[in-house]
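Remarks on the structure that follows.
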Ligand SMILES: Cc1cc2nc3c(=O)[nH]c(=O)nc-3n(C[C@H](O)[C@H](O)[C@H](O)COP(=O)(O)OP(=O)(O)OC[C@H]3O[C@@H](n4cnc5c(N)ncnc54)[C@H](O)[C@@H]3O)c2cc1C
């Protein structure tokens, strides 16, 4: 048997004598947060002997201690609804009123239920290691008030939010964050205040952190507490400060490499599981403002088509919860097997609670049938998932057009196959669905797009047809895209409820994809033309001031130049010569507001420098390899 621990960032094995654990459980749940508390409760109510280990001193994680009290999408149904109902009933009999779910009461209800169900709960116990025999986890080791302890288990659910235990035993993870620079979504440091006798939480984005580095995490906690959004000036009699959430609001961290990875590309290409545990449901709610640095697919979706607001239901299969190569471990919560892009959709609290419930039911089936997780018969698991509504086939809408914040008022999106209707869509001020439908139609609509892109009567039809053609990789779009770029077209589509993207810089993104050499000098000029970007007259919720407007042009131009230079090495020298000195200037700075506030600026200089320096180093390495 080996004991695996994480030391200074790496999984370290220690050979140990065969352990006879003094305590053994059917299931150990690590982390009693959003997913873990529901997992422990579900498993115990099925009769399993469950140990729940939590490093803090309450249950509910981000949704209680972390003060993320609101629900944002997520699909309905499951045990959590019953718990929330109980919380609501208590809320009406003498407790302080709270916006969203009352966090204090939810902690209390979860504890009561765990006690009743017979979960052995250990608070202030941080798991620090796992015992392995081959690919089977035999037990875990933790440190708590009594010092170091350990227990054996037949099955493990890692619900630590960041797949901490999986990282300890060396399970494979996806590379962190987005491909270009590994940056994850911003964190928030939620503030809890009292407004008219109601406790309310507020979570504006505060910055970026790698929470697996204790020094960085501590800096983030302390620095964000001193930001303008958190200072005493923000509070008065009508909004009294109560506390800062003791758990930092981390939106993204590790993702396991799972037996069945679910990616954004899978979802957009209709490669969906037919054996779901649950349907996750949200829009692609990525909080990063530097969207030019996101993946091509995400930009196709959110920049070229402005489809930020489309909500998507995503079937999550059992394989997405199983770390590759391990047969008695499940990951419940936001570290499940998705990718960075899809994680902005698959992370909402309703879905993460269901994820805990589903993981526990899978563990129950495996244990009661004496099977490994890999050999569970889905038909045996499915009725259990359906029983409480954790799985509800009517939650699988496909996609919805979320123009209303009331989900039930939104309409289901069907991709358009009729070309006349696509033409109407492209000619409208809400062209996104038609643009994406054209992408799906591919060659079948190409001839029509080529015709529409040359006509002069309808500007929207011409310009949006160019977008659709560019997404098909067709260079016939180039003249119109150049026209849009040169005009610095300020048109903002109305496809999504929020965060639609300006047509001017979206055209630069597409010209970059098409590798248009002719625009290189113009892009280099944009990078040096901060003063050009003033007074964006159109109402764009995404952009709050001139510097931010410039940042979008700057970042899209930069990435377009990089894409063009991938195909045409000859332009690399000019790019290095123009951009290198600029970003190396010590006072180089471009400020961008964080979502959703207008009050907090973040300097993008560091992100830009990192991306530029890495790209230049890569080019240099390629150059050296040639010579
Ligand atoms: C700022 C912010 C705003 C959000 N807004 C919304 C929203 O409006 N609506 C919505 O639906 N969703 C929202 N989300 C998303 C949602 O809250 C999270 O994705 C979800 O709660 C994550 O659940 P989890 O179980 O994976 O992690 P958590 O709830 O964080 O639970 C992890 C638990 O594991 C414990 N733990 C970690 N390591 C160990 C260890 N080694 N040993 C023992 N215990 C350990 C932690 O203490 C914690 O209790 C938001 C998230 C953030 C950060």
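In our numbering, the protein residues as written are 88 to 714.
Backbone N, C-alpha and C define an ideal beta-carbon position, used for all residues, glycine too.
Nearest Cα to residue 106 within the set 219, 622, 396, 615: 219. Judged by their CB atoms, residue 122 and residue 246 are nearer to each other than the 9 angstroms cut-off.
Beta-bridge pairing by DSSP links residue 90 to 101, 218. Remark: the C-beta of residue 249 is in contact range of ligand 1, defined as less than 8 angstroms to any heavy atom. When Cβ pairs closer than 8 angstroms are counted between the two stretches, the region 304-320 is seen not to touch the region 122-131, the count staying below three. For the options 187, 310, 643, the alpha carbon positioned closest to that of residue 590 is the one of 643. Beta bridge pairing from DSSP links residue 230 with 213, 235.
Taking non-hydrogen atoms of ligand 1 into account, the C-beta of residue 90 is found less than 8 angstroms away from none of them. DSSP, read as helix, strand or coil, puts residue 682 in coil. Of the residues 229, 225, 169, 140, the one whose Cα lies closest to the Cα of residue 200 is 169. At least one heavy atom of ligand 1 is found less than 8 angstroms from the C-beta of residue 142. Rounded to whole angstroms, the separation of the alpha carbons of residue 248 and residue 260 is 14 angstroms. Assigned with DSSP and collapsed to three states, residue 240 falls in strand. Note on geometry: alpha-carbon atoms of residue 503 and residue 397 lie some 15 angstroms from one another.
Between the region 387-394 and the region 230-238, the count of C-beta pairs closer than 8 angstroms stays below three; the two stretches do not touch. Per the coordinates, the alpha-carbon of residue 166 lies some 26 angstroms from the alpha-carbon of residue 253.
Ranked by Cα distance from residue 184, the options 177, 209, 285 are led by 285. Straight across, the Cα-Cα distance linking residue 221 with residue 560 is about 48 angstroms.
In the structure shown, residue 439 adopts helical secondary structure according to DSSP, grouped into three states. Secondary structure of residue 687 (DSSP, three-state): coil. The residues 291, 292, 293, 314, 315, 316, 680, 681, in chain order, have a CB closer than 8 angstroms to that of residue 687 in the same chain once the five nearest residues on each side in sequence are set aside. Setting aside the 5 residues that flank it on each side, residue 650 is surrounded in the same chain by 599, 600, 602, each with a C-beta closer than 7 angstroms to its C-beta; the list follows chain order. In summary, residue 505 is exposed, with fewer than 16 beta-carbon neighbours lying within 10 Å of its beta-carbon over all protein chains present.
Taking 4 residues as the minimum length, the alpha helix (DSSP H) runs contained wholly in the region 561-613 are 565-574, 590-601, in order along the chain.
The three-state secondary structure of residue 140, taken from DSSP, is strand. Counting the other CB atoms within 10 Å of its CB gives residue 265 a total of 16 or more, which places it among the buried residues.
Contact annotation: the region 422-436 touches the region 334-354, with at least three C-beta pairs closer than 8 angstroms.
In the three-state scheme derived from DSSP, where H, G and I count as helix and E and B as strand, residue 173 is classed as helix. Assignment of residue 345 by DSSP, reduced to helix, strand and coil, places it in the strand class. In this structure, DSSP gives residue 184 an extended state, which the three-state scheme calls strand. In the structure shown, residue 246 falls within a coil segment according to DSSP collapsed to helix, strand and coil. Approximately 34 angstroms separates the beta-carbon atoms of residue 257 and residue 193; this is outside 8 angstroms, ruling out the contact.
Contact between residue 698 and residue 267 holds: their C-beta atoms lie close to 6 angstroms from each other, under 8 angstroms. Bridge partners of residue 160 according to DSSP: none are assigned. If you ignore the 5 residues before and after residue 634, its C-beta comes within less than 7 angstroms of the C-beta of 677, 678, all in its own chain and listed in chain order. Checking the 8 angstroms criterion, the Cβ of residue 240 is out of range of every heavy atom belonging to ligand 1.
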